[in-house]
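Engineer: Numbering (my numbering), first residue to last: 1 to 584.
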Amino acid sequence: MKHLISLLTLACAASGVQAEELFVKGVVFPEGADSITKIELAGRVVPTPQQLAWQQRPLTAFLHFGMNTFTNREWGDGKESPELFNPKSLDTDQWVRTLKDAGFEMVILTAKHHDGFCLWPTATTSHSVASSPWRDGKGDVVADLRRSCDKYGMKLGLYLSPWDRNAQCYGSEAYNDLFVAQLTELLTNYGKVDEVWFDGACGEGPNGKKQVYDWLRFRDTMRDLQPDAVLAITGDDVRWVGNEGGRGRETEWSVTPLVPKVYAFADSVNKALDMNEMSPSLGGRDVVSRASQVFWWPAEVDVSIRPGWFYHETEQPHPMSRMARIYLESVGRNATLLLNIPPDTDGLISPADCQRLAEFHNWIQTNFQKKQLPGRINCVELREDITQGQRVEQFDVEVLAGGSWQKVAEGTTIGNRRILTFDPVDADSIRFNILSSRGEPRAEIVGTYLVKMPAAESDFKSPYPAVSATPVRKLYVADKQQPYYEIVWNKPQTLAGFVYTPAPGEAGDMIYRYDVEVSANGKKWTKVETTGEFGNIAANPIPQEVIFSAPVKARAIRLLIRETAFGETLAPSAISLTPLAPKE
Ligand code: FUL
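(1) Should GLU315 be counted as a contact of the ligand FUL given a C-beta to heavy atom distance under 7 Å?
(2) Keeping to the same chain, check which residues put their C-beta closer than 8 Å to that of PHE23; ignore five residues upstream and five downstream.
(3) Hey, quick one: how far does the alpha helix (DSSP H) through PHE179 stretch, first residue to last?
(4) Could you check if TRP95 belongs to the surroundings of the ligand FUL, using beta carbon to heavy atom distance under 7 Å?
(5) In chain order, what residues of the same chain lie with their CB nearer than 6 Å to the CB of MET320, ignoring the 5 residues before and after it?
(6) Is it right to say GLU393 is buried, meaning 16 or more other beta carbons lie within 10 angstroms of its own, or is it exposed?
(7) Can you tell me whether ASP536 sits near the ligand FUL, meaning its C-beta is under 7 Å from at least one heavy atom of the ligand?
(8) Any heavy atom of the ligand FUL closer than 7 Å to the beta-carbon of HIS312?
(9) Return the CA-CA distance between GLY103 and LEU337, expressed in angstroms with no decimal places.
(10) So LEU231 is in the beta strand (DSSP E); what residue range does that whole segment cover?
(11) How many angstroms separate the CA atom of LEU209 from the CA atom of PRO260?
(12) Considering only the beta carbon of each residue, do ASP199 and TYR159 sit closer than 8 Å?
(13) Decide if PHE265 is buried, meaning its Cβ has at least 16 other Cβ atoms within 10 Å, or exposed.
(14) So, are the CB atoms of PRO463 and THR314 less than 8 Å apart?
(15) May I ask you to report which of helix, strand or coil DSSP gives GLN493?
(16) Based on DSSP bridge pairs, tell me the residues matched to TRP215.
(17) Cutting at 6 Å between CB atoms, please list the residues of its own chain near LEU328, excluding the five before and the five after it.
(18) For ILE341, count the other beta carbons within 10 Å of its own beta carbon; 16 or more makes it buried, fewer makes it exposed. Which is it?
(19) On the DSSP bridge assignment, give the partners of TRP120 in chain order.
(20) Could you check which residue in LEU560, GLN51, THR569, VAL488 has the C-alpha nearest to that of GLY235?
(21) Taking TRP253 as the reference, which of THR526, ARG239, ASN243, GLY308 has the closest Cα?
(22) Take SER6 and list the residues in its own chain whose beta-carbon comes closer than 6 Å to its own, dropping the five residues that flank it on each side.
(23) How should LYS38 be labelled, buried or exposed, when 16 other C-beta atoms within 10 angstroms of its C-beta is the threshold for buried?
(24) Using a Cβ-Cβ cutoff of less than 6 Å, which residues in the same chain neighbour ARG473 once the five nearest sequence positions on both sides are dropped?
(25) Count the CB pairs spanning the region 113–122 and the region 71–78 that are closer than 8 Å, and state whether there are at least three.
(26) Considering Cα atoms alone, identify which of GLU444, ALA538, ARG558, SER519 is closest to PHE498.
(27) According to DSSP, simplified to helix, strand and coil, what is GLU381?
(28) If you follow the alpha helix (DSSP H) that ALA520 is in, where does it begin and where does it stop?
(29) Roughly how many angstroms lie between the CA atoms of GLY16 and ASP220, to the nearest whole one?
(30) What I want to know is whether the C-beta of TRP297 ends up closer than 7 Å to one or more non-hydrogen atoms of the ligand FUL.
(31) Between GLN390, ARG356, ALA324, which lies nearest to PHE368 when the distance is taken from Cα to Cα?
(32) Which same chain residues, not among the five before or five after PRO489, have their C-beta less than 6 Å away from its C-beta?
(33) Going by other Cβ atoms of all chains shown within 10 Å of its Cβ, with 16 needed for buried, is ILE511 buried or exposed?
(34) Taking 7 Å as the line, does the beta carbon of GLY246 fall inside it for any heavy atom of the ligand FUL?
(35) Can you determine whether any heavy atom of the ligand FUL sits closer than 7 Å to the C-beta of GLY205, and answer yes or no?
(36) Tell me the start and end of each unbroken alpha helix (DSSP H) in the region 225–311 that is at least 4 residues and wholly inside, in chain order.
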């Protein structure tokens with residue numbers, strides 16, 4: 001099947017098509033259905049009204065703020081004193097105004113992260129703002145944010161971490177009750193909530209036990225209390241794209257056989273299909289043909305404007321070249337962008353982030369607002385009418401230039417929005433050919449642009465200078481069988497800390513828990529860090545900077561491995577370790 005749709009005849013593309021039965025949110029294939037039937041039915045799965053509204057809002061801001069902001073960590077261990085939480089000038093109006101001006105339509109706050117500290121005065125635990133010095137324990141960050149959202153016309157979403165490293169009852173049924181009670185407070189006392197985010201990370205609680213979550217009960221609580229909200233990640237409305245680096249897939253299906261965790265059969269079916277959120281193909285003919293049902297489960301790209309999710313003084317926002325790429329590879333690849341902007345220790349969005357947000361907004365406005373007709377162009381935006389399903393499987397785009405048609409772009413999926421860039425060309429006309437689809441496609445070109453990509457700039461650099469080091473040697477401590485990496489110098493060095501850069505790849509090749517020792521003579525060793533954690537390293541494998549509480553003088557340093565991100569005491573095959581000197 002080959003359709004030619006020119007820019008001028010787009011509006012007619014869908015006319016004359018017979019009404020077909022559509023399946024909201026998912027469809028179970030009839031027993032014994034063949035692949036052709038399955039593909040055809042998959043093309044008729046459509047979003048719920050809540051999912052549709054959500055997919056049509058391209059930009060949501062994430063606000064990672066809480067105990068980690070004050071301890072300078074990515075994952076807290078739940079033992080932090082509430083005394084540490086004390087933002088001097090917390091101003092949610094500044095957050096929301098900044099984000100509104102930058103084009104965001106919703107903000108999602110980490111009401112509770114894995115350390116269990118609650119940003120609202122919950123009745124469920126004393127581990128909350130009520131026990132902190134901030135506003136003499138009378139503050140409520142969620143209530144402040146609600147007021148600011150109302151003031152500026154912003155939607156509100158809430159992140160409530162199921163993993164809780166503080167709750168004593170974690171690892172028992174009582175924790176599910178506690179979680180439901182927290183959810184009930186948040187979804188009852190703070191007005192309309194449009195997205196609820198249940199993170200997928202699940203480690204041990206304070207007793208070393210893991211929790212069996214009652215996902216269905218959590219979901220039903222949310223549906224009862226906020227029926228218009230979508231449930232993200234471990235819910236069945238919004239899917240995690242599979243990485244925290246800001247990349248949607250080139251082939252990104254909103255219809256997938258991957259079963260959301262909320263269903264009891266998720267693990268067995270996903271295992272049989274050999275699929276998870278990170279799989280490269282989530283909705284192609286190959287996987288749909290093997291499945292017995294499919295879901296409308298569209299992707300959300302969550303990524304931070306900085307390397308970490310929480311504010312760290314030594315980090316800087318990504319350069320505009322990276323921000324532009326993130327936009328094209330999220331919003332431009334059939335996903336929404338959930339961009340994290342972490343408020344700082346004062347409780348404000350930092351000046352550097354405000355500036356980057358303004359530049360980001362300006363770049364989008366300047367490059368994508370004017371839907372110019374062909375002339376000089378290097379970008380095309382395509383859309384499918386997803387109210388009728390996601391159907392296009394293969395297409396290309398041609399321009400008429402110098403009297404002949406030439407192909408400038410090609411792709412597989414379109415979905416809600418697909419943006420493709422190519423070398424600039426002076427075009428008299430443009431056409432879009434659908435080469436393969438699941439039933440009658442409804443797709444169109446919505447704009448052509450001449451996009452100016454920001455000049456490439458390198459990303460984050462540590463403000464601590466590197467100490468020149470002899471190559472890392474990998475050795476084993478014989479008695480404990482605890483592998484370690486060691487660096488030795490022939491004269492003493494002053495060390496402020498180090499950076500460990502995980503090699504991209506498997507979680508088993510990344511260090512999660514570690515100790516650090518230094519030595520003046522290579523014989524006697526002193527621990528400078530015990531059971532440190534590179535929190536969230538598997539999902540977000542960025543360089544991990546560790547700064548010691550005070551600089552140390554040493555001739556050798558060791559990084560001892562307690563656990564990889566895969567939970568084993570093994571040495572990754574290769575690591576990159578850079579010792580740091582104090583700042584000048
Ligand atoms: C992850 C968490 O572990 C991170 O800390 C962060 O909250 C990110 C958005 O989700 O799974």
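Beta carbons: idealized from backbone N, C-alpha and C, even for Gly.
Structural biologist: The short version:
(1) no
(2) The answer, listed in chain order, is LEU41, ARG44, VAL45, VAL46.
(3) 173–189
(4) no
(5) GLU359, PRO454
(6) buried
(7) This sequence places Asn at residue 536; Asp is not what is there. Yes, the ligand FUL has a heavy atom inside 7 Å of this Cβ.
(8) no
(9) 12 Å
(10) Run containing LEU231: 230–233, per the beta strand (DSSP E) assignment.
(11) Leu is not the amino acid found at residue 209; the sequence shown has Lys there. Per the coordinates, the alpha-carbon of LYS209 lies some 24 Å from the alpha-carbon of PRO260.
(12) yes
(13) exposed
(14) yes
(15) strand
(16) None; TRP215 has no bridge partner.
(17) Result list for LEU328: ILE419, in chain order.
(18) buried
(19) For TRP120, which the question treats as bridged, DSSP gives no partner whatsoever.
(20) Among LEU560, GLN51, THR569, VAL488, the Cα nearest to that of GLY235 belongs to GLN51.
(21) ARG239
(22) Reliability of the predicted coordinates at SER6 is poor, the pLDDT of 36 falling under 50, and the value obtained from them is presented with this limitation in mind. Excluding residues within five positions, the ones whose Cβ falls inside 6 Å are ARG431.
(23) buried
(24) GLU486
(25) yes
(26) Ranking the options by Cα distance to PHE498, first place goes to ARG558.
(27) strand
(28) Following the DSSP letters along the chain, one finds ALA520 in no alpha helix (DSSP H), marked with neither H nor E.
(29) Reliability fails at GLY16, whose pLDDT of 41 lies under 50, so the model's placement of it is uncertain and the value that follows must be treated cautiously. The straight-line gap from Cα to Cα measures roughly 40 Å.
(30) Flag unset: Cβ of TRP297 not near the ligand FUL.
(31) ALA324
(32) Position check: residue 489 holds Trp in this sequence, whereas Pro was assumed. Hits under 6 Å: ARG555.
(33) buried
(34) no
(35) no
(36) 266–273, 285–290
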